[in-house]
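Chemist:
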Amino acid sequence: MATTFPRQYARTQRFTLGAPRAFSVAPDGSRVVFLRSREGTDRANLLWVREPSGAREYVAADPASLLGGAEEELSAEERARRERSREGSAGIVGYATDMAVECASFALSGRLFVTDLRTGECRQLDTPEPVVDPRPSPDGTRVAYVSGGALRLIRTDGTGDSVLAAPENDRITYGLAEFIAAEEMDRNRGFWWSPDGGQLLVARADDSPVQRWHIADPAHPDQQPSEVAYPAAGTANADVTLRLVNADGGEGLDVEWDRAHFPYLARVHWSPGGPPLLLVQSRDQRTQLYLGVDTVTGATSTLHTEQDADWLELFPGVPAWTPDGRLVRIDDASGARVLTVGQVAFTDASLHVRSVLDIGADGVLLSASAGAAADGDPGAVGDIGVHFARFAEDGSCGGVERLTDPDGEAAADDGTEGVTGSGGRPHVASAVRGGDTLVLSTASLSRPGSRVSVLRLDGGDGGAFTLKSLDVVPSQAERPQLVTAPRLLLTGERRIPAGLVLPTGHRDGDGPLPVLMDPYGGPHGQRVVAAHNAWLTSQWFADQGFAVIVADGRGTPGRSPAWEKAVSRDIADVTLDDQIEALRSLAADHPLDLTRVAIRGWSYGGYLAALAVLRRPDVFHTAVVGAPVTDWRLYDTHYTERYCGMPDQDADVYARTSVITDDGLSGAASQHRPLMLIHGLADDNVAAAHTLRLSSALLAAGRPHEMLPLSGVTHMTPQEQIAENLLLLQVAFLKRTLSVA
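Position one of the sequence shown corresponds to residue 6 (the working numbering), numbered consecutively onward.
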């Protein structure tokens, strides 16, 4: 029996299994370290080392060998970490290295392992279990790790295991990120080594103030519900403090800052370029402080203050120090998202900076998309490139250049090699650097998956940078059985980025097609990107007889600060209006049947799908609503309050954005539209209560609907059979409710 696309898509975890990822590069360029499973349907990642020339590749750690063939066992802490990071694979899912990238540590089945990356020799250290988030000291002689909520330390030769910070009770942890930090701030760790390895900064999280929710599995009534500390909007967060401890033991120091006004510990950075660096935010996220820490007294001093009328975004890789002690930030103060080094803006409105990838003595490696042009249009739709902002001799910006692989499909159409002004064809790229060795990952519309190239970066004595190809890291990911070629367009008066996917072989003369809107449509979720695999599910739905539209309206990232912040206090109407505008704009130029329009989505996309059929039944005729937030009072603090404010101060915002309180629920029966509601009952991010309350409200209003509860499923759906059947059930529902043959 032939494997269907839904089965292939589920079995390969969206074609991510077997693809190399999580790269580290030795500063001397001698080693490239990464994770990869042996084949495209194998969930278990191994730790690999490859010479930049590709002459030799070897396994530094193999889970099957280390566990003796036993099944992997995950602790509750490790399950939570993987859920927060949306990690669905197995084996070695994360690792940390010393400064020289010679020693790596990782946790596997709750045990601590260290490996010599030069020889591939791996061994287990005898520690209390389960072990979470082990990280070597910069010199590779010791490993700090968390077990039982305590931060512990052990030498890499297996001796000297000791406790550095122990919790006072079972609601306190040292060295772990609290729920809000991991889920919403992109801070997934809770301790940081000093550059000399003599001290550590350790976060202490006390979730005693946080309300308790209970998540039960109705399929197993004999089991106790899981208790989770969930800080819903307007309620108390965990109490997070920071302590400076000595690696050799002894009394530590509490790090002091105004936690009453700045309770969120958003970022911590410690490098040779300066003192420990903190970024702390106010509860409303409109003010944040950059703080330097005195390692002798624990006192902090304010290095920089930022304010914004809406909110301040957090970015990967910053704040940080340059080697010569200048503060690196990403700043919205000028109306554009720019890279700032010291007090100097290194980029302008022509680039929309997304993250800092690496900081060296010669410049800053960053990820950016094209900034909004004078007419308000972004650059090439869905294009995300890697750029290098070089330091001039006086420390100012010596120029910003885009880096592209001279041998890859991201190279310029005109044959230009190396660095090009335009960056070549639109693509999605990221990079990791070690010395003058660059690992560049690029995905494009022209080919499946990502190409990972190892390149040598040459500064050229002050001239333009050149890139020399050294190697391509092999991928074992399966090739999708589908091929897609979405049309990426700017739609409507607002020039909303959108992609249109038509059935394979469809011609404009074949007649109008029923429409399926397939958005995420909300903050931090860009869907319209120039990457082939991002469109595969939409292509499969299109091949079932739909014209599929994905639109990134206001609120989505990658265009401008104003575009993202247009949803402030109006998260519902703005995002829904832009979906409608994109739909109608595309219908003016393409054969779309506006009498048959469906919408499907998960998480924020599910919320948007529910809004669509309940508020605009004149436009949308059926919806698949997956794991939606239906009442923002039930969602977490940091995310919700950023867009909606505080429930006690902005009650009208919460009422207007709620699906459950929508007056449309009691509308005329003639305006009813079919809904399929889907939710994992084990979801601890968007609790199943959201969908259950919506279902109750629909029933009370006399609105028939279909409900699909998923026992044992969280916000992710990594289970192969569930992921496959969810696609099949959705398309069957959409065809039935839109009368598609």
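Glycine residues also receive a C-beta, built at the ideal position from the N, C-alpha and C atoms.
For Ser663, count the other beta carbons within 10 Å of its own beta carbon; 16 or more makes it buried, fewer makes it exposed. Which is it?
Modeler: Reading the sequence shown from its first residue, position 658 is the one you call residue 663. It counts as buried.
Chemist: What is the DSSP secondary structure of Leu619, counted as helix, strand or coil?
Modeler: Position 614 of the sequence shown, counted from the first residue, corresponds to residue 619. Of the three classes helix, strand and coil, the one that applies to Leu619 here is helix, per DSSP.
Chemist: Tell me whether Ile501 sits in a helix, a strand or coil according to DSSP, three-state version.
Modeler: If you number the sequence shown from 1, residue 501 lands on position 496. Strand, per DSSP.
Chemist: Roughly how many whole angstroms lie between the Cα atoms of Glu188 and Ser90?
Modeler: In the sequence shown, counting from the first residue as 1, residue 188 sits at position 183. In the sequence shown, counting from the first residue as 1, residue 90 sits at position 85. Rounded to the nearest angstrom, the two C-alpha atoms are 7 Å apart.
Chemist: For the beta strand (DSSP E) that Leu581 lies in, which residues bound it at each end?
Modeler: Residue 581 sits at position 576 when you count from the first residue of the sequence shown. No beta strand (DSSP E) contains Leu581, which is instead part of the alpha helix (DSSP H) from Ile576 to Ala592.
Chemist: Would you mind sorting Gly73 into buried or exposed? The rule is 16 or more other CB atoms within 10 Å of its CB.
Modeler: Here residue 73 refers to the residue found at position 68 of the sequence shown. Label assigned to Gly73: exposed.
Chemist: What residue from Glu586, Ser360 and Leu371 has the CA that sits closest to Arg500's CA?
Modeler: If you number the sequence shown from 1, residue 500 lands on position 495. Measuring from the Cα of Arg500, the nearest candidate turns out to be Glu586.
Chemist: Confirm, please, whether the CB-CB distance from Ala210 to Thr178 is below 9 Å.
Modeler: Position 173 of the sequence shown, counted from the start, is the residue given in the question as residue 178. Position 205 of the sequence shown, counted from the start, is the residue given in the question as residue 210. Yes, the Cβ-Cβ distance between Thr178 and Ala210 is below 9 Å.
Chemist: Taking the alpha-carbon of Gly347 as reference, which of Val369, Ser360 and Gly340 has the nearest alpha-carbon?
Modeler: To locate residue 347, count along the sequence shown from 1; it is residue 342. It is Val369.
Chemist: Applying the 10 Å Cβ sphere with the 16-neighbour rule, what's the burial state of Thr164?
Modeler: Here the question's residue 164 lines up with position 159 in the sequence shown. Exposed.
Chemist: According to the neighbour-count rule (16 or more other Cβ atoms, all chains shown, within 10 Å of its Cβ), is Ser167 buried or exposed?
Modeler: Taking the sequence shown and counting its residues from 1, the one referred to as residue 167 is at position 162. So Ser167 counts as exposed.
Chemist: Considering just the uninterrupted stretch of the alpha helix (DSSP H) at Val658, what are its terminal residues?
Modeler: The residue given as residue 658 occupies position 653 in the sequence shown. Taken as a continuous stretch (DSSP letters only), the alpha helix (DSSP H) holding Val658 covers Ala656 to Thr662.
Chemist: Within the same chain, show all residues whose beta-carbon is closer than 6 Å to that of Arg334, passing over the 5 residues directly before and after it, in chain order.
Modeler: In the sequence shown, counting from the first residue as 1, residue 334 sits at position 329. So the qualifying residues of the chain are Val323, Pro324 and Thr345.
Chemist: Identify which residue in Ser372, Pro508, Val64 and Arg647 has its Cα closest to the Cα of Ile576.
Modeler: Along the sequence shown, read from residue 1 onward, the residue named residue 576 stands at position 571. Of the candidates Ser372, Pro508, Val64 and Arg647, the one whose C-alpha sits nearest the C-alpha of Ile576 is Arg647.
Chemist: What number of angstroms, rounded off, separates the C-alpha of Ser29 from the C-alpha of Val555?
Modeler: Residue mapping note: residue 29 aligns to position 24 of the sequence shown, counting from 1. Residue mapping note: residue 555 aligns to position 550 of the sequence shown, counting from 1. Using only the alpha carbons, I get a separation of about 34 Å.
Chemist: Expressed to the nearest angstrom, what Euclidean distance is found between the alpha-carbon atoms of Pro453 and Pro652?
Modeler: Against the sequence shown, residue 453 aligns to sequence position 448. Against the sequence shown, residue 652 aligns to sequence position 647. Rounded to whole angstroms, Pro453 to Pro652 spans 45 Å at the Cα level.
Chemist: Check the DSSP bridge columns for Leu371 and list the partner residues they point to.
Modeler: Taking the first residue of the sequence shown as 1, we reach residue 371 at position 366. Answer is Val361 and His392.
Chemist: Tell me which residues share the same chain as Val250 and place their Cβ nearer than 7 Å to its Cβ, disregarding the 5 neighbours each side in the sequence.
Modeler: If you number the sequence shown from 1, residue 250 lands on position 245. Within the same chain, Val250 has close Cβ partners Leu169, Ala170, Gln204, Leu205, Val207 and Gly257.
Chemist: For a minimum of 3 consecutive residues, which ranges assigned as the beta strand (DSSP E) are wholly contained in the segment 41-90?
Modeler: Segments of the beta strand (DSSP E) lying fully in the segment 41-90: 49-55 and 62-66.
Chemist: Terminal residues of the continuous alpha helix (DSSP H) containing Tyr648?
Modeler: If you number the sequence shown from 1, residue 648 lands on position 643. Start and end: Thr642 to Cys649.
Chemist: Go through its chain and collect everything with a Cβ distance to Gly23's Cβ below 8 Å, but skip five positions before and after it.
Modeler: Your numbering for residue 23 matches position 18 in the sequence shown. Within the same chain, Gly23 has close Cβ partners Thr17, Arg41, Ser42, Arg43, Glu44, Gly45, Thr46, Asp47, Ser480, Gln481, Ala482 and Glu483.
Chemist: When burial is assigned at 16 or more other CB atoms within 10 Å of the CB, is Leu704 buried or exposed?
Modeler: Looking up residue 704 in the sequence shown gives position 699. Flag for Leu704 reads exposed.
Chemist: Quick check: what's the CA-CA separation for Ala728 versus Tyr609?
Modeler: By 1-based counting over the sequence shown, the position of residue 728 is 723. By 1-based counting over the sequence shown, the position of residue 609 is 604. The alpha-carbon atoms of Ala728 and Tyr609 are separated by roughly 18 Å.
Chemist: Where do the N-terminal and C-terminal ends of the beta strand (DSSP E) with Phe625 fall, by residue?
Modeler: Position 620 of the sequence shown, counting from 1, holds the residue named residue 625. No beta strand (DSSP E) contains Phe625, which DSSP labels as neither H nor E.
Chemist: Buried or exposed: where does Gly423 fall if 16 or more other Cβ atoms within 10 Å of its Cβ makes it buried?
Modeler: Along the sequence shown, read from residue 1 onward, the residue named residue 423 stands at position 418. The pLDDT assigned to Gly423 is 30, lower than 50, so where the model puts this residue is not dependable, and the model offers no usable value.
Chemist: For Ile1, which residues in the same chain have their Cβ closer than 7 Å to its Cβ, ignoring the five residues on either side in sequence?
Modeler: The requested residue 1 is not part of the displayed model; the chain covers only 6 to 746.
Chemist: Threshold first: 3 residues or longer. Then list the beta strand (DSSP E) segments lying entirely within the segment 228-293, N to C.
Modeler: DSSP runs (the beta strand (DSSP E)) wholly in the segment 228-293: 231-234, 244-251, 269-274 and 282-286.
Chemist: Rounded to whole angstroms, what is the Cα-Cα separation between Trp198 and Ser446?
Modeler: Your numbering for residue 198 matches position 193 in the sequence shown. Your numbering for residue 446 matches position 441 in the sequence shown. Rounded to whole angstroms, Trp198 to Ser446 spans 28 Å at the Cα level.
Chemist: Using DSSP with H/G/I as helix, E/B as strand and the rest coil, what is Gly611?
Modeler: Here residue 611 refers to the residue found at position 606 of the sequence shown. It is helical.
Chemist: What's the C-alpha gap between Ser427 and Ala373?
Modeler: For the purposes of this step, residue 427 is identified with residue 422 of the sequence shown, where counting begins at 1. For the purposes of this step, residue 373 is identified with residue 368 of the sequence shown, where counting begins at 1. Residue confidence is low: Ser427 scores 36 on pLDDT, short of 50, so the model does not pin down where it sits. No coordinate-derived value is stated.
Chemist: Mind pulling the alpha helix (DSSP H) runs of 4 or more residues that sit fully within the segment 666-736?
Modeler: The qualifying runs are 694-705.
Chemist: Which residues in the same chain as Glu134 place their Cβ atom closer than 7 Å to its Cβ, once the five residues preceding and following it in sequence are excluded?
Modeler: Start at 1 with the first residue of the sequence shown, and residue 134 comes out as number 129. Gly115, Arg116 and Ser152, listed in sequence order.
Chemist: What are the start and end residues of the alpha helix (DSSP H) that includes Glu569?
Modeler: In the sequence shown, counting from the first residue as 1, residue 569 sits at position 564. That run of the alpha helix (DSSP H) goes Pro566 to Lys570.
Chemist: Hey, would you say Asp289 sits closer than 9 Å to Gly650, going by beta carbons?
Modeler: Locating residue 289 in the sequence shown gives position 284, counting from the first residue. Locating residue 650 in the sequence shown gives position 645, counting from the first residue. Going by C-beta atoms, Asp289 is nearer than 9 Å to Gly650.
Chemist: Looking only at its own chain, which residues have a Cβ that is under 6 Å from the Cβ of Thr246, when we skip the five neighbours before and after it?
Modeler: For the purposes of this step, residue 246 is taken as the residue at position 241 of the sequence shown. Correct list, in chain order: Arg209.
Chemist: Look at the alpha carbon of Asp222 and the alpha carbon of Ser80, and state the distance between them as a whole number of angstroms.
Modeler: Locating residue 222 in the sequence shown gives position 217, counting from the first residue. Locating residue 80 in the sequence shown gives position 75, counting from the first residue. Rounded to whole angstroms, Asp222 to Ser80 spans 19 Å at the Cα level.
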